[in-house]
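Below is one structure; the comments refer to it alone.
Residue numbers (the working numbering): 21 to 85.
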């Protein structure tokens with residue numbers, strides 16, 4: 021995965037995420053244009069820091085009559 025981060029040019033953001041630092045607006049713009057898999061990987065790093073290996077899912081049902 022680190023190769024994908026490097027290929028996408030997100031090393032600086034990766035190091036900020038690993039260090040728990042706040043991202044800047046410019047970082048958000050770079051993430052918006054980055055590959056989805058790389059963004060998901062970075063998001064998972066934050067999720068694991070906040071919640072460990074636990075994950076929560078919401079299942080919504082909208083029944084139309």
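Ideal placement from N, C-alpha and C gives every residue a C-beta, glycine not left out. Keep in mind the model is a prediction, meaning the values are calculated, not measured.
Determine the extent of the alpha helix (DSSP H) in which residue i is found, giving its start and end residues.
i	result
residue 33	31-39
residue 25	22-27
Please identify the residue among the options whose C-alpha is closest to the C-alpha of residue i.
i	options	result
residue 35	79, 54, 52 and 65	65
residue 52	80, 28 and 85	28
residue 21	61, 83 and 46	61
residue 42	33, 49 and 50	33
Would you mind giving the Cβ-Cβ distance between residue i and residue j, rounded to the nearest angstrom? I have them listed as a contact below 8 Å.
i	j	result
residue 24	residue 56	In fact, because the Cβ distance is near 11 Å, the residues do not count as touching under 8 Å.
residue 40	residue 69	7 Å
residue 30	residue 63	Actually they do not touch by this definition, with Cβ atoms about 12 Å apart.
Exercise. Any chance you could list the alpha helix (DSSP H) runs of at least 4 consecutive residues sitting entirely within the region 51-78, in chain order?
Key: 56-71
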